[in-house]
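In what follows, a single structure is set out as C-alpha cells and then discussed.
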Amino acid sequence: MQPDNPYSAPQVELLDSAGVQSLPGWSARQLQVLGWLALVSVVANALVVGLTFAGALLEADEAELLFTYTDWLSLALALLGCYLLLRFKAFAEARFFARNLSVPIWLLLAVTLLLEAVDMLFGDQLFAGLDWQTIGYMALLCLMGICTTWLGIRLLKLQSPYPALKVMAWLDIVGGLMLASVLLMLVALLPLLGAGVALMLVFFKGAAELQGVAD
C-alpha cells in the first residue's frame, strides 16, 4: 500500500506510541533515581542475608552486636522497599494505565510493616519453639507470599508491559508461592531478589523512554 493511503494499516503499534509520550508528574531523572534506589535495595538485602548467615560463625557477643545492626538495617530496607513499591504503583498507573494494583500492593505494605514490627518485638523468641509468636510470624510470611503472588498475577495482565516487567511478574509469582509455603522461605529469597533487579530495570527503561521523548 502507498504510505499516504488512509486505509493502510498503521506502521507502529498504537499502544507503544502512546506509551512513549510524556508522563505528567514524572521525569527521566526521577525514574533514574528510583532505579538506583532499587539497586541499592537489592544489594543491601543480599548483604543482610549474608551477614545473617555469617553471624552463626561468630561468638555470642559478636553475633548479638551484628544482629542488632542487621535488624535496624532490615527495618530501613523494609521502609525503602515500601517506598519503591508505592512509586512503582504510581508509575505503572501512569505508564500502563494499571488500575488493579492497589489492593495487593497496600496489603503487601501492611504485612511487610507488621512483619518488621513482630521481628523487632520478638526477634530472639522467634523459631525457638512452636509458640504463638512463631506461629503468628509464619502466618504473616504466608500472607506476604500470597500478596506477592497476587501482585505478580496482576502485573501479567498489564497491556504491552516492558520485558523486565514480565520477568518481575513471574519472579513475584514464583517467589510468592515459595514464601507462602514457609518451608521454602529461604529459597524464595532468590526469585524475590531477582524481582528487585527487574524493578530496577523497569525504572531505567521508563527513564530511557522519557529521555527519548525529550530528545
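Counting in my numbering, the sequence shown runs from 944 upward without gaps.
Glycine residues also receive a C-beta, built at the ideal position from the N, C-alpha and C atoms.
Keep in mind that this is a model prediction, so the values were computed, not measured.
Coil, strand or helix - M944 by DSSP: Below a pLDDT of 50, predicted positions are generally treated as unreliable, and M944, at 47, falls in that range; no measurement from the model is reported.
For L1058, name the three-state secondary structure that DSSP assigns. helix
Thinking just about the alpha-carbon of each residue, which of Y1105, A987, L1098 and E1007 is nearest to the one in F1146? Y1105
Reduced DSSP secondary structure (H/G/I, E/B, other) of Y1105: In this structure, Y1105 counts as coil in the three-state DSSP scheme.
Count the other C-beta atoms from every protein chain shown that fall within 10 angstroms of the C-beta of V955, then say buried if there are 16 or more, exposed otherwise. Low local confidence applies: a pLDDT of 42 at V955 is under 50, so the model's placement there is unreliable, and no value is given.
Which listed residue (L1083, Y1080 and L974) has its alpha carbon closest to that of K1148: If we check each option's Cα against that of K1148, L974 comes out closest.
Straight-line gap, Y1080 to G1137 (C-alpha atoms, nearest Å): 24 Å
Between A971 and the rest of its own chain, which residues show a CB-CB distance below 6 Å, the 5 nearest in sequence each way excluded? A1150, L1153 and Q1154
If we ignore side chains and look at the alpha-carbon of each, how far apart do G1118 and S1045 end up? 20 Å
Hey, could you find the ends of the alpha helix (DSSP H) L1009 is sitting in? A1003 to R1038
Quick one: what does DSSP say D1115 is sitting in, helix, strand or coil? helix
Going by the CB atoms, is the gap between A981 and M1111 shorter than 8 Å? no
With DSSP collapsed to three states, give me the class of G1095. helix
Contact belief for D1115 with L1094 at Cβ below 8 Å, rounded distance in angstroms: 6 Å
For G968, is the classification buried or exposed, using 16 other Cβ atoms within 10 angstroms of its Cβ as the cut-off for buried? Flag for G968 reads exposed.
Distance between L1133 and C1090 (C-alpha atoms, nearest Å): 17 Å
Can you tell me whether V986 is buried or exposed? The criterion is at least 16 other CB atoms within 10 Å of its CB, across all chains shown. exposed
CA-CA distance, G993 and L1009? 12 Å
Going straight from the alpha carbon of Y1012 to that of L1098, what length do you get? 34 Å
Look at the Cβ atom of F1039, then the Cβ atom of L1101, and state whether they are nearer than 8 Å. Contact flag set, yes.
Indicate the three-state DSSP secondary structure (helix, strand or coil) for A997 in the structure shown. helix
Should V1054 be labelled buried (16 or more other beta-carbon atoms within 10 Å of its own) or exposed? Of the residues assessed, V1054 falls on the buried side of the cut-off, its CB having 16 or more other CB atoms within 10 angstroms.
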